[in-house]
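K.L.:
The structure follows.
Residue numbers (my numbering), protein chains in the order written: chain A, 97 to 205; chain B, 28 to 167.
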């Protein structure tokens, strides 16, 4: 599944977008950055409620395909600007992390 | 033996906004050298964890990356407090990070274990009150 298909299927709100043709390999959920760094497979969708600038670094260095912020979490303007400058696929959704992961799991299974 | 390609970075301490910039720069440089994405990812993760450790615990330090034909060597050096018990620090889940740092999502106690996991070798030289030097190698 491609990022743009996932975005439309889950009705995600776009905060920042880059390569939306990117293929998704799987998913990971978590807020502790080193867990995500160590366990999130490359090309995954990462679901979190963390919204600080370090999320961008972890997503980029771990090669996550997209980040979905659960429960309508939004980063501040500086973080948004950086995400846009880096072309990170960053979305937000009113769903909880639990709901997002359930939907994501069904879509990718 | 041919000379390695070298990159040097200064890492600022206590700055969680700029934290990770050296790792991001290395990732970009390795891409420009045409390295395998899987190797770049391993180097990026290992270096980021080390960089964050220097930001959190050591008031910054230096990072040197040496790219040889058959391996990439990452050397992280600081003049921080040192690690009193390396065996304990290497255990997953053990962390001495402060509460304000944990609130940012750090301090899971996975930094050093991740560095070991994503590299082929890791050597820690540390002395309490003097500093820490970590040398990691990713073979190509």
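Where is the CB? At the ideal position from N, CA and C, for every residue including glycine.
1. Could you name the residues of chain A that residue 68 of chain B contacts, counting a contact when the two beta carbons are closer than 9 angstroms?
2. Find out if the Cβ-Cβ distance for the pair residue 167 of chain A, residue 145 of chain A is shorter than 8 angstroms.
3. What is the C-beta distance between residue 69 of chain B and residue 146 of chain B, in whole angstroms, given that I count them as a contact (C-beta under 8 angstroms)?
4. List the residues that DSSP assigns as beta-bridge partners of residue 187 of chain A.
5. Closest to residue 137 of chain B by C-alpha separation, out of B:127, B:156, B:123 and B:41, would be which residue?
6. Tell me the DSSP bridge mates of residue 149 of chain B?
7. Helix, strand or coil for residue 104 of chain B? Go by DSSP, reduced to three states.
8. Does residue 105 of chain B pass the burial test, meaning 16 or more other C-beta atoms within 10 Å, or should it be called exposed?
9. What does residue 54 of chain B reach in chain A if we use C-beta pairs closer than 8 angstroms?
10. So what does residue 34 of chain B bridge to, in DSSP terms?
11. For residue 176 of chain A versus residue 108 of chain A, is the C-beta distance shorter than 8 angstroms?
12. For chain A, is any of its Cβ atoms less than 8 angstroms away from the one on residue 112 of chain B?
13. Does the distance from the C-beta atom of residue 91 of chain B to that of residue 167 of chain B stay below 8 angstroms?
14. Identify whether residue 140 of chain A lies in helix, strand or coil by the three-state DSSP scheme.
15. Could you pull the start and end residues of the beta strand (DSSP E) that residue 124 of chain A belongs to?
16. Taking the C-alpha atoms as reference points, what is the distance between residue 101 of chain A and residue 147 of chain A?
17. What first and last residue would you give for the alpha helix (DSSP H) that runs through residue 76 of chain B?
18. Are the C-beta of residue 143 of chain A and some C-beta of chain B separated by less than 8 angstroms?
19. Interface residues of chain A around residue 34 of chain B at Cβ under 8 angstroms?
20. Just checking, does the region 48–57 of chain B make contact with the region 74–92 of chain B on the three C-beta pairs under 8 angstroms criterion?
21. Return the residue from the list B:101, B:42, B:66 and B:93 that minimises the CA-CA distance to residue 157 of chain A.
22. Using only alpha-carbon positions, find the residue among B:64, B:100 and B:155 that is nearest to residue 142 of chain B.
23. Beta-carbon of residue 131 of chain B versus every beta-carbon of chain A: anything under 8 angstroms?
24. What span of residues does the alpha helix (DSSP H) with residue 50 of chain B cover, start to end?
P.N.:
Let's see:
1. Per Cβ cutoff of 9 angstroms: 138, 157, 158 and 159.
2. A contact, by the Cβ cut-off of 8 angstroms.
3. Rounded, the Cβ-Cβ distance is 7 angstroms, consistent with contact.
4. DSSP lists A:110 and A:164 as partners of residue 187 of chain A.
5. Measuring C-alpha to C-alpha distances from residue 137 of chain B to each of B:127, B:156, B:123 and B:41 identifies B:123 as the nearest.
6. BP columns for residue 149 of chain B point to B:163.
7. Note: residue 104 of chain B maps to strand in three-state DSSP.
8. Counting every other CB atom within 10 Å of its CB across the protein chains shown gives residue 105 of chain B a total of 16 or more, marking it as buried.
9. From the beta-carbon of residue 54 of chain B, the residues of chain A found nearer than 8 angstroms are 156 and 157.
10. DSSP, once it has assigned bridges, lists B:92 as partnering residue 34 of chain B.
11. Against a cut-off of 8 angstroms, the Cβ pair of residue 108 of chain A and residue 176 of chain A comes out as no contact.
12. Judged by the 8 angstroms Cβ criterion, residue 112 of chain B is not in contact with chain A.
13. Going by beta carbons, residue 91 of chain B and residue 167 of chain B fall outside the 8 angstroms limit.
14. In the structure shown, residue 140 of chain A sits in a strand (DSSP, three-state: E or B).
15. From DSSP, the beta strand (DSSP E) with residue 124 of chain A extends over 122–125.
16. Residue 101 of chain A and residue 147 of chain A have their C-alpha atoms some 23 angstroms from each other.
17. Unbroken alpha helix (DSSP H) run through residue 76 of chain B: 64–84.
18. Answer no: the Cβ-Cβ gap between residue 143 of chain A and chain B never drops below 8 angstroms.
19. In chain order: nothing, as chain A lies at least about 16 angstroms away.
20. Touching, yes, given that three or more Cβ pairs across the two stretches are closer than 8 angstroms.
21. Taking each of B:101, B:42, B:66 and B:93 in turn and checking the Cα distance to residue 157 of chain A, the smallest one comes out for B:66.
22. Comparing Cα positions, the closest option is B:100.
23. Taking Cβ atoms only, chain A reaches closer than 8 angstroms to residue 131 of chain B, which makes this a yes.
24. Membership of residue 50 of chain B in the alpha helix (DSSP H) is indicated by the continuous run 48–59.
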